[in-house]
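In case it helps, the working numbering puts the sequence shown at residues 582 to 895. Notes for the one structure printed next.
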Amino acid sequence: MRVKDTYFVRVCRGRRVAYGECALFRGLSADDTPDYEERLSYFCHHLDELPECGYSSIRFGLETALRNLDASAGDGWGGTAIPINGLVWMGDKSLMAERIEAKLADGFKVLKLKIGGIDFEDELDLLDAVRARFSPAELEIRLDANGSFRPDRALQCLERLSTYSIHSIEQPVAAKQPSAMRHICRHSPIPVALDEELIGCTSMEEKRQMLDYIHPSYIILKPALCGGLSGAEEWADAAESASIPYWFTSALESNIGLDAIARTAISRGIDIPQGLGTGELYTNNIISPISRIGASLHYDTGRRWEIPQLPWNI
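Okay, structure coming up:
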């Protein structure tokens with residue numbers, strides 16, 4: 582992926598103007614349909630029907646804009662520095678090694694490695710090299726398999742990975758295989774987190790049933806993919822009821838979307854590093870008061886948002 586399209590919305594009330602980001606993730610989001618722009622336009626003109634909208638990214642963007650309309654810039658941060666993990670994207674072995682070194686140099690004490698994109702033995706070599714230098718007390722390692730393991734081989738792979746004291750692994754097998762995921766969660770030597778599994782599960786009853794049936798060790802909340810801000814908060818409520826920890830993760834949003842997710846994470850209470858900050862990949866991100874300093878996100882109230890003059894549709 583070299584380019585990611587996104588949609589921005591603007592909501593006005595009198596002289597107040599607020600913005601949101603409908604962060605459609607093509608190829609992954611259930612929202613990726615041919616009539617997406619038509620549906621977005623409809624809900625922009627029918628905000629009262631937003632609770633019935635089945636498009637996570639549209640709900641995320643419009644809920645963000647509506648909440649921002651009633652808030653001042655920086656509300657919700659309260660001077661909080663959000664601890665985050667250092668995300669190591671997939672690449673060949675040498676490139677991933679370079680990225681690991683860069684994250685360590687930046688001071689990250691929690692690394693999240695995307696795996697499943699290269700030879701499994703090479704991935705084990707990378708983990709071996711890291712663990713030879715840093716104990717689990719010195720460095721936490723999270724993994725994200727993005728559903729890359731075959732169900733019949735997943736536990737074997739997890740057994741080999743477990744020798745490196747892994748904190749957790751996201752989505753070891755592809756989503757929508759509930760019986761396989763339930764079996765893996767029960768027998769995995771590594772705590773399992775659900776990620777893509779949450780996409781498309783809408784009602785509170787469905788959410789509770791899924792968590793009760795699979796009972797993962799963690800769930801990962803990406804509001805643009807799992808029901809918008811309100812849907813993610815429902816997942817958080819369901820997880821808390823089931824005593825399942827969770828954290829929030831961005832999914833390639835710009836700084837507008839990142840700000841909304843960060844404030845939601847703060848509102849739920851932060852006790853572990855979050856998966857925020859992927860907007861650093863962009864060469865044309867929206868200029869904002871948000872910045873990463875070391876291994877945490879900060880909001881500088883002395884800086885301003887610079888929203889581009891986009892050709893807003895009416």
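Glycine is no exception: its CB is placed at the ideal position from the N, C-alpha and C atoms. As the structure is a computational prediction, the values presented were derived from the model and not from experiment.
At which residues does the beta strand (DSSP E) containing residue i begin and terminate?
i: Y799; result: Y799 to L802
i: E751; result: S749 to E751
i: H879; result: S877 to Y880
i: C634; result: Premise fails: C634 is in no beta strand (DSSP E) and is neither H nor E.
i: E740; result: Taken as a continuous stretch (DSSP letters only), E740 belongs to no beta strand (DSSP E), being part of the alpha helix (DSSP H) at A735 to L742.
i: S872; result: I871 to I874
i: D725; result: E721 to D725
i: Y827; result: Y827 to F829
i: K585; result: Segment: none, K585 is in no beta strand (DSSP E) and carries neither H nor E.
i: K690; result: Run containing K690: none; DSSP gives neither H nor E here.
What span of residues does the alpha helix (DSSP H) with residue i cover, start to end?
i: V711; result: F701 to R714
i: S848; result: N836 to R849
i: L810; result: G809 to S822
i: I681; result: K674 to A686
i: P624; result: The identity of residue 624 in the sequence shown is Phe, whereas the question assumes Pro. Note, F624: alpha helix (DSSP H), Y617 to C625.
i: C766; result: P759 to H768
i: R885; result: First-last for R885: undefined, no H or E at that position.
i: R596; result: From DSSP, R596 is part of no alpha helix (DSSP H); its letter is neither H nor E.
i: L792; result: M785 to I795
What's the C-alpha gap between residue i and residue j?
i: L724; j: P804; result: 20 angstroms
i: S824; j: K693; result: 23 angstroms
i: L705; j: Y600; result: 43 angstroms
i: A819; j: E887; result: 37 angstroms
i: T919; j: A604; result: The question about residue 919 has no answer, for the chain in this structure spans 582 to 895.
i: R712; j: S746; result: 8 angstroms
i: N649; j: R844; result: 11 angstroms
According to the neighbour-count rule (16 or more other Cβ atoms, all chains shown, within 10 Å of its Cβ), is residue i buried or exposed?
i: V584; result: exposed
i: R885; result: exposed
i: L891; result: exposed
i: L737; result: The amino acid at residue 737 is misidentified as Leu; the sequence shows Gln. By the neighbour-count rule (16 or more Cβ atoms within 10 Å), Q737 is not buried but exposed.
i: Y623; result: exposed
i: A817; result: buried
i: G608; result: exposed
i: L862; result: exposed
i: M785; result: exposed
i: H626; result: exposed
Point to revise | Cβ pair count under 8 angstroms reaching 3, the stretch 792-806 against the stretch 762-774 | key: Yes: at least three Cβ pairs fall under 8 angstroms.
Exercise for review: Kindly confirm or deny that the stretch 869-880 and the stretch 649-667 touch, where touching means at least three C-beta pairs closer than 8 angstroms.
Suggested key: yes
Check your understanding: Does the count of Cβ pairs from the stretch 708-725 and the stretch 679-693 closer than 8 angstroms reach three?
Key -> yes
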